[in-house]
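J.: Residue numbers (my numbering), protein chains in the order written: chain A, 5 to 298; chain B, 6 to 338; chain C, 6 to 338; chain D, 59 to 564.
Idealized CB from N, CA, C, for every residue including glycine.
What you are looking at is a predicted structure, and each value in this text was computed from that prediction instead of being measured.
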Amino acid sequence: AQQKKTLAFVTNAAADFWTIARRGTEKAAKELPDFEVKFLVPSESTPADQKRILDDLLAGGLAGVAISPVNPANSTEILNKVASQAVLFTTDSDAPQSNRVMYVGTDNVAAGVQAGELIKKALPNGGKIMLFVGTMDNANARERVEGIKKAIAGSKVEVIDVRTDNIDFVRAKSNVEDTLTKYPDIAGLVGLYSYNTPQIYEAVKAAGKAGKVKIIGFDEDQATLRGISDGTIEGTVVQQPFEFGYQSIRLMAKYIAGDKSFIPANKLMIVPTKIIDKSNVAEFQTMMKEMLRK
Amino acid sequence: MGKKELGLVLLILVIGAVTATINPRFISAVNLVNMANLIGLYGLFSIGEGLVIITGGIELSIGSMFALLGVVFLDLLVERGIPWPVALGAILLGGVALGAIHGFLITRMKLQPFVVTLCGLLIYRGAARYYTNDATMGFGYGNEGSGTLAWLTAGRSFGVPHTFIALLIVAAIMAVVLHKSVYGRYLYAVGKNEEAARFSGINADRVIAAAYMISGLLAGLSAVFIVFYTNSVSPSSHGNFYELYAIAAAVLGGCSLRGGEGSILGIVHGTILLQVQQNLVNLLGIPSSLNFAVMGTVILAGVLADRELQKRRMAAVANMGAKAARPAAAVAA
Amino acid sequence: MGKKELGLVLLILVIGAVTATINPRFISAVNLVNMANLIGLYGLFSIGEGLVIITGGIELSIGSMFALLGVVFLDLLVERGIPWPVALGAILLGGVALGAIHGFLITRMKLQPFVVTLCGLLIYRGAARYYTNDATMGFGYGNEGSGTLAWLTAGRSFGVPHTFIALLIVAAIMAVVLHKSVYGRYLYAVGKNEEAARFSGINADRVIAAAYMISGLLAGLSAVFIVFYTNSVSPSSHGNFYELYAIAAAVLGGCSLRGGEGSILGIVHGTILLQVQQNLVNLLGIPSSLNFAVMGTVILAGVLADRELQKRRMAAVANMGAKAARPAAAVAA
Amino acid sequence: MSESLLELRSITKTYPGVTALSDVSLSVARGEVVGLIGENGAGKSTLMKVLGGVVAPSSGRIVIDDVEHARLTVPDAMRAGIAFVHQELNLFENLDVAANVYIGREPLTGGPLRLVDTARMRALVAPLLARLGVDYRADTPVAALSIAQRQRVEIAKALSLDARVIIMDEPTSSLTITETNRLLEVIADLRAHGVAIIYISHRLDEIKICADRVVCLRDGRMVGALAREEIDHARMIRMMIGRDLKSLYLPPQRPAEPGGCDVEALRTIAFPDRQVALSVRRGEILGLAGLVGSGRSTLARTLFGIDPPLGGSITLGGEPIEVRSPRDAIARGIYLIPEDRKRSGLVLEMSITFNVTLPDLWRYARLGLVDAGAEQKTAEIQSRRLAVKTPNVQTPAISLSGGNQQKVVLAKWLAMRPRLIILDEPTRGIDVGAKGEIYALMRELADQGVAILMISSDMEEVIGVSDRIAVMHEGAISGFLERADFSEHNVLQLAIGQKLHAAAEA
Ligand SMILES: Nc1ncnc2c1ncn2[C@@H]1O[C@H](COP(=O)(O)OP(=O)(O)OP(=O)(O)O)[C@@H](O)[C@H]1O
Ligand SMILES: Nc1ncnc2c1ncn2[C@@H]1O[C@H](COP(=O)(O)OP(=O)(O)OP(=O)(O)O)[C@@H](O)[C@H]1O
Ligand SMILES: [Mg+2]
Ligand SMILES: [Mg+2]
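If you want it as C-alpha cells, here you go:
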C-alpha cells in the first residue's frame, strides 16, 4: 500500500456540500486503482488548521492535492510550498497568485449574478432585500454578495444589509425573525450559505408571510428544494461539488501521468452553476437522491 | 424575589423601554413571541448549568451535547424511523447518561469539573462529527412521523410558544427543588463547603453527580427543542459556545462560580436579559459583527452593577447595625 | 524535572514510538520541524495561561486577543505601512494593556476571572470583526516591508524554526521567574492561599494583575507569530478555542485549576503532547472529524493517569513516613 | 517598667450589626508579656488584627514610637517590628517550611533579578526550628504537617522577624503539654531579650506561668487588668465571665454500663500496621490523650466513616457494625465533632438554622420539602440551650466568634439521638465559661446513656473531665488510667510510650 501515490482533497470546512464532493472523489478513486485518495476536512475552518493538514500531508509523502483554501489571498506562501513538492489544484475558491496548476470550481461572482437575476425576476417592481450568511470573511460569501449587487445595479431592488450568524443555526433563524419584525415591508430574503435558506424558509412560514416575501437561496439543502417545490422559495443557485471532487482527482492523476493538454489557457476550469426553480426542481431532487444514496 | 433579581428585572425593563422607544416594534406581539421562544430555548439548559455552578462546578460540554444528541435524535427519528416517544426518551436518557459520566469522573475519580467537561466538549463534538461524517442532518422529507412532537416543541398554545411554556414548567419545578427541597439545601451546602457537608452525613458525591445528571437531562430536552427550532443539525457548528451563553446567563442571574449561590429566578432573568440584548442588536440595526461585543459589554456591565448594588446593600446593613448599637441616636436620620 | 514531568515525557515517548512504528515518517526531519514549529506557536501562549492558572484564575480571551491583535497588527503593518518594530511594539503593549484591564477588573473590582475573561472573549472578537467589517485581512502583496520580521517569526536557523527557539527562550526566562524569583514564589503563595498571602504583607493584587499582564504580553507575542504562520486573519474564526488548547496544555502539564500548582516544564510538555496527538491524527489517517474526540480522550487519559501516579506517590510517601517513624523496622521492606 | 513601645488608644471597631471593640486602650512596654483574656467573641482577635494591620479600626489611634496612625497595613506593622501568630493558620501548603517562614521577606540573591536565596533561607530557619524543638525540617513541605506542627511553623515565622512585639493568638490551642512548655520557655527567653509579647489563650495555666500582666476584654470593652502578683485562676475567671466557676469535674449520676462502643484490632491509614483496641462504655466520658500526631484524630475519623478502616472490628451496643461513610455512622448514632470546625464542622456562609438541621434534614421534611418553621424552632431551642451568643438563628455562622461557632457544631448533633459522640478537641479556642457549659452538656449526655469519647490535648481538660483516660502512642493505645491514677505525669508517661509500672519502679 505504501507504493501507491497519494492524492488528497482538502476542504475548507465541514459541510454537506463537501459530502457530495467526497462522492466525486470516491468515484475518481475507483477509476484510479494506482492512487490512494484521501479526503480531509479541517476540524476548524481556519488557515492555521489547513496549513497544519498540508504540512502533515507533505510530511507523509504526497503526489497531488486539491484544496479549497479558507483564505486564498493570503495563503500564497504555503500553497507555493505545496506546489513545489506536489501537484497543486485549487477548487471551490481560487488562489490565482499562487503556483497552482489550475482551478476547478465555481465562479462565485457569476453565481451571485445568477441569484441577482432571480431576485430581479421575483421582484419586478423592486423592493428591499436582506442577505443572510454565516460569516463574511470567506471569499465565497463576499463574491456572491458582489455578484448580487452587480446584477441588481440599476434596478429598484435595494440591499439593506447582510446579517451574519457565525454558522449558529439558531441565530440564523432568529436573525430572519428579527428582520421580519424590523422591516415589515421587506420584499426579499437571500440565503448565501446552504443552511441559511432553510432557516429563512422556516421563519417566513412561521411568520405567515410565505409567498409574500420572496426567498432566493444558494445550494441544494433538502429543505430548500422542498420550498421550491411548494412555491415558497423562488429558486436557488446550485454548484456541482460532485464535479469538483471527481474532476480534481481525475485531472491530477492525469497531470502526474504527464498529460497537460487539458489545462486551459486561463488555468480555470469553471464548473457552471445552475439555477434550480420550480421548473426543474423535481428532476434535480431525483438526481441528488441518486448521488447521495450509497 | 430577592434584591438581586429585582435589580435584574429593573435593568431588563429599562433596556426594554429604551429599545421600545427607539423602535416600537420591540413590543409588538410577534417580536415578543419570538423572544419568548428563544428565552424558552436558552433558559432550559441555562437552569441545568446553574445547578452545576451552584455545586461549585462547571459544565462546558452543553453545546457539544446538543450536537451529539441532536444528530442521534435525527438519526433515530428520520433515518431509522423510530416512533418519536421512544426517540425522545432515548435522548433524555442519553443526556442523563452523559451527565452521570461527568458526575462519576468528578466525584469518584476526583477530576476537576472544568477538565472533565472540557474533554466532554471535545469528545462529544468529535463523536457527532464522526457519526455523521461531518454531514448536516435534517428532517429531509420524513418530518411527518413526528408531527405531534414538532407541535409539542415548536408549536404554540394561545399564542405562547411551547418552548416558553416548557421553561415555565421546568423553572417552577426546579425552583421548588432548589429552594424548598432537602436536595436543594444539600446542593447549596455542598457548593459552599463540601467537606462540612460530608461531615454532616451528606453524600456529597451523590448530590454533585445528581446536579450533572439534571443538567444532562435538561440538555437532552433542550437538544430536542433546538432540533425542532433549526430543523437541522450541522455537527461541526451546532451549539458551539452555547455553554458560554448558559454560564453567562447563570452568572448574570447571580450564581457565583465559587459555588453555593444562585437562584432559579435569577438564572431565568439572566437568560431574558441576554435574549433581549440579542434581539435589540437586530432591531436597532447594530451591525451583526458587533453582536458579541455588545453581549460581552452587557455581561460585564451586569456583574459590575451587581457588585455595586451588593456593596451599597452591605453598607446599608452596616449602617443599620451602627444605629442599632446606639439606640439613643435619632432614628429618623 | 519532577516526577510529573517525567511521566509526561514517558507518555510522549511511548506515543511517539508507536506512531513512528506505524508510520516512520513521523520521525522524518520535515515532520519533526513542522511539529517543533507548532509546539513553539502553542507553547508561547500556553505558558501565559499557565501563570494565570497558578494564581487560581483563568484566561479565556486568548483566542479573541489573537483575532483583535492580529487584525490591528496587519492594519498597522500593511494598511498603514508603519515600520515593523513599531507595529510589533504596539501589539506587545496592546497585549499587556488587555492583561492589565483583566487584572484591574479581577483584583480591584473583585470580579471573577472566568467572568472577566469570558467578556473579553466576546468583546475582543466583536471588536476585531467590527474593525475589519468581517473581512479577512492578510499581507496581500505587501509582505515585503516586514521581511525581517517574517524571517524572525516564521524563519529557521540551522533548520530549527524560530517559533521553537522563541519558546525555548521564553520558557527559560519564565522558568527562572516562576521557580527562582521572589515574584514566582508570591505567585504560588497567592494561588494557594490569597488571604494568607495578604496577611504576609504580599501585595496579592499586584501579583495577580502581573500574571494577567504577562499572559497578555505572551498572547501579543504569539499573535504576531501566528499571523506570520497563517499570513492572514479572519476575525470571526481566527484563534477560536485556542484558550482551550492552552488550558488543556497547562492542565496536562500539571497545573491545578485550584491554583498554586504547576511548572513551566510541565506546561511545555503538555503542549508537546497535544501537538504530537494532533500530528498523529493526520499521519495515521484517522478521520479528521475524530480529531477533537481523540484530543479529548488524550487529555482525559492524561489527567486520569496523573491522578493514579499521584495516588501511588502519596502512598509511597506515607509508607516512608511510617518507616521513618519507626526506625527499628526493616528498611528493606 | 520601661516606657511604652506601642499604644492603642480608644480603638473602636464595628462590623455590620456587631460592635466588636468599643473604646479599648492598651499599651505595651519593652520586654513585657501581656496576657489577653476574655470570653469567646470578646474581641481579642479583632484587637490584635487592628494592631497587626489586618483590620482597619472604625475609630481610634495606634501609636508606635510616638507616631500616631489611624490604621496600619500589614507591611506597616511588620516594619514597626510587630509579628503576628494568627489564631487561624495562614500557611501555604504548596511551599516548604522555610518558604513559609520567610514568605514576603525572602532573602534575595541575583541582584536586580530578585531571586530567592533558598539555601540561605533554609539555613536561617533551621536554628529557629531547633529552638522550638520540632520534628520536621526546613525543607519539609507544609502539606505533610499536622495542624499542631503547622502551628509551630507560624511561631517560627514570628521568631524569624526579630520583632519587638510578638502577638500570639492562641498559639497552643492544638499543642500538647510538652510542646506548650517548650513554647513557654521560648517566650521567657524572648522576654529576657526585651521582646514584648501579647499572649492570648483560653488555657489560664499558661497565662499564669508566663504573663507579667493580664488584661481582660468582655463584649468588646476593657473590663480590667491584673498585675503579675494578682494573677490567679479565680480572679481571671471572675473578670472574664463576671462570676465564679465550679470545678470542672461533674461526677456521673449513675455508673457506666457496657454496651457502648468496642473497637478491636482496628487499623487506620495513619498507622497501617498498628492496632487500636478500646471500649467506650455507655454513660462514661473516656478521655483520649496522646502526643501530637499520635493518631487520635485519624481514629475518630475512621470511626465516623471518613477514613476507611484497614482492618479490625467495631461493635456498637453489642452488635458488630460496619461504617463506610458518615451517613452509616450517623444512622447508627455515632457523631463526630471534628477538630477543624471551619473546614469540617460548619458551612460558614449558611445560617445557624441551616447548620443545625443539616445532618438530620429529612426529619424536618415532608415529601422531600423542608418545613422552615420546624427547623427554625429546633435551631432556636438548641441555640438557647447552648447559650449561643447571636441576635437570631438566621445569622450566618461566619459572623460568630470561634467559641460560638463550636457551640453551633455541638447543637447540630445534640438535636439528634446520639449513642456515641466523639469530640475531637471540643473546647479548642473556647473560653472557660463556655467550656464549663460544654462539659456540663457532655455529662448530661453521658447520664442519658450516651458513650462519649473526648479527644483532647489540653491536660487540664483530660484530667478534669474524663471518667477514664486512654492514652495513644504512635497509633495504638498504650494504656488506660482510672480516675484514681489520673495525673499529668502518668498521662505523659503513657503518651511517650513508656509503661506505667516501669516508670514507677524507676
Ligand atoms: N468579619 C467579621 N464580620 C462580622 N463580625 C465579626 C467579624 N469578625 C469578628 N466579628 C465579631 O466580632 C466579635 C469579636 O470577635 P473576635 O474574633 O475578636 O473574638 P475573640 O475574642 O478572638 O474570640 P475567640 O476567643 O472565640 O477567638 C465577635 O462578636 C465576632 O462575631
Ligand atoms: N490519610 C493519611 N495517610 C497517611 N498518613 C496520615 C493520614 N492522615 C493522617 N496521617 C498521619 O498520621 C499521623 C496521625 O495524625 P492524627 O491527626 O490522627 O493525630 P492526632 O493525634 O490527632 O494529632 P493532632 O493533635 O495533630 O490532631 C500524622 O503524622 C499524620 O500526618
Ligand atoms: Mg479569637
Ligand atoms: Mg487531632
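1. Evaluate tryptophan 156 of chain B with the Cβ neighbour count: other Cβ atoms within 10 Å of its Cβ, from every protein chain shown; 16 or more gives buried, anything less gives exposed.
2. Restricting to runs no shorter than 4 residues, where is the alpha helix (DSSP H) found entirely within the stretch 454-513 of chain D?
3. Near leucine 11 of chain C, what residues of its chain come up, given a Cβ to Cβ distance below 8 Å and the 5 sequence neighbours on each side ignored?
4. Can you give me the C-alpha to C-alpha distance between glycine 363 of chain D and tyrosine 307 of chain D, rounded to a whole angstrom?
5. Can you tell me whether alanine 48 of chain C is buried or exposed, with buried defined as 16 or more other CB within 10 angstroms of its CB?
6. With respect to 6 Å, is the separation between the Cβ of serine 459 of chain D and the closest non-hydrogen atom of ligand 1 below this value?
7. Quick one: is alanine 330 of chain B near chain A, going by C-beta distance under 7 Å?
8. What residue range is occupied by the uninterrupted alpha helix (DSSP H) comprising arginine 56 of chain A?
9. Please go through the same chain and pick out, in chain order, the residues whose beta-carbon is closer than 6 Å to the beta-carbon of glycine 61 of chain C, but skip the five residues on each side of it.
10. For the beta strand (DSSP E) holding tyrosine 575 of chain D, just list the boundary residues, first then last.
11. In chain order, what residues of the same chain have a beta carbon less than 6 Å from the beta carbon of leucine 248 of chain D, not counting five sequence neighbours either side?
12. Terminal residues of the continuous alpha helix (DSSP H) containing proline 133 of chain D?
13. Between which residues of its own chain and valine 137 of chain A is the CB-CB distance below 7 Å, once the five residues before and five after are set aside?
14. For alanine 202 of chain C, which residues in the same chain have their Cβ closer than 6 Å to its Cβ, ignoring the five residues on either side in sequence?
15. Three Cβ pairs or more, each shorter than 8 Å: is that satisfied between the stretch 107-125 of chain B and the stretch 295-314 of chain C?
16. So, using beta-carbon positions, are serine 233 of chain A and valine 180 of chain A closer together than 7 Å?
17. How long is the line joining the alpha carbons of valine 281 of chain C and leucine 66 of chain A, rounded to whole angstroms?
18. Report the residue from D/Gly460, D/His127 and D/Thr415 whose alpha carbon sits nearest the alpha carbon of arginine 475 of chain D.
19. Apart from the five residues on each side of it in sequence, which residues of its chain come closer than 6 Å, Cβ to Cβ, to arginine 340 of chain D?
20. Inspect the CB distances between the stretch 45-59 of chain C and the stretch 210-228 of chain C and report whether three or more fall short of 8 Å.
21. What residue from D/Arg222, D/Asp193 and D/Val223 has the CA that sits closest to glutamine 209 of chain D's CA?
22. Using a threshold of 7 Å, state whether the C-beta atoms of tyrosine 191 of chain C and histidine 107 of chain C are closer than that.
23. Measuring alpha carbon to alpha carbon, tell me which of D/Ala87, D/Tyr73 and D/Asn152 ends up nearest serine 268 of chain C.
24. Using a threshold of 7 Å, state whether the C-beta atoms of isoleucine 343 of chain D and methionine 179 of chain D are closer than that.
25. Tell me, which residues are paired with aspartate 311 of chain C by DSSP?
26. Quick one, which residues of the stretch 194-208 of chain C are near chain D if we go by CB-CB under 8 Å, in chain order?
27. Since aspartate 182 of chain A contacts asparagine 287 of chain B with CB under 8 Å, what's their CB separation in whole angstroms?
28. Quick one: what's valine 334 of chain D bridged to in DSSP?
29. Among D/Leu552, D/Arg526 and D/Met408, whose alpha-carbon lies nearest the alpha-carbon of glycine 537 of chain D?
30. Would you say alanine 333 of chain B reaches chain C, if we count a Cβ-Cβ gap shorter than 7 Å as a contact?
31. Looking at the unbroken beta strand (DSSP E) that takes in phenylalanine 13 of chain A, where does it start and where does it end?
32. Can you check whether the C-beta of glycine 326 of chain B is within less than 7 Å of a C-beta belonging to chain D?
33. Please list, in chain order, all residues of the same chain as valine 182 of chain C whose beta carbon is under 7 Å from its beta carbon, the five residues on each side excluded.
34. By the three-class DSSP mapping on this structure, what secondary structure does threonine 24 of chain B have?
35. Within a Cβ cutoff of 7 Å, which residues of the same chain sit near glycine 147 of chain B, ignoring the five residues on either side of it in sequence?
36. Taking C-beta pairs closer than 7 Å, name the residues in chain D that lysine 185 of chain C reaches, listed in chain order.
T.: In terms of the structure at hand:
1. exposed
2. 460-472 and 490-505
3. none
4. 31 Å
5. The amino acid occupying residue 48 of chain C in the given sequence is glycine; alanine does not appear at that position. That one is buried.
6. yes
7. Its pLDDT being 38, under 50, alanine 330 of chain B is placed unreliably by the model, and the measurement read from it follows with that caveat. So no, alanine 330 of chain B is outside the interface.
8. 51-63
9. Gly196 and Gly264
10. Any question about residue 575 of chain D goes unanswered here, given that chain D covers just 59 to 564.
11. none
12. 132-137
13. Ala145, Val166, Thr168, Leu196, Tyr197 and Asn200
14. Ala194, Val195 and Ala209
15. yes
16. no
17. 20 Å
18. D/Thr415
19. Glu315, Gly317, Gly318, Gly507 and Ala509
20. yes
21. D/Asp193
22. no
23. D/Asn152
24. no
25. Partner(s): none; aspartate 311 of chain C has no beta bridge.
26. Ala194, Gly196, Lys197, Asn198, Glu200, Ala201, Ala202, Arg203, Phe204, Ser205, Gly206 and Ile207
27. 3 Å
28. D/Leu324
29. D/Leu552
30. Low per-residue confidence applies at alanine 333 of chain B: pLDDT is 34, beneath 50, and the placement is therefore not dependable, though the value from the model is reported in the following sentence. It does not; no Cβ of chain C falls within 7 Å.
31. 9-14
32. Caution applies to glycine 326 of chain B, whose pLDDT of 43 falls short of 50 and renders its modelled position unreliable; the value that the coordinates give is listed next. With 7 Å as the cut-off, glycine 326 of chain B counts as an interface residue toward chain D.
33. Tyr188 and Gly189
34. helix
35. Caution is warranted here: a pLDDT of 49 is assigned to glycine 147 of chain B, below 50, making its placement in the model unreliable, and the coordinate value is therefore given only provisionally. Answer for glycine 147 of chain B: Val83, listed in chain order.
36. Leu173 and Val174
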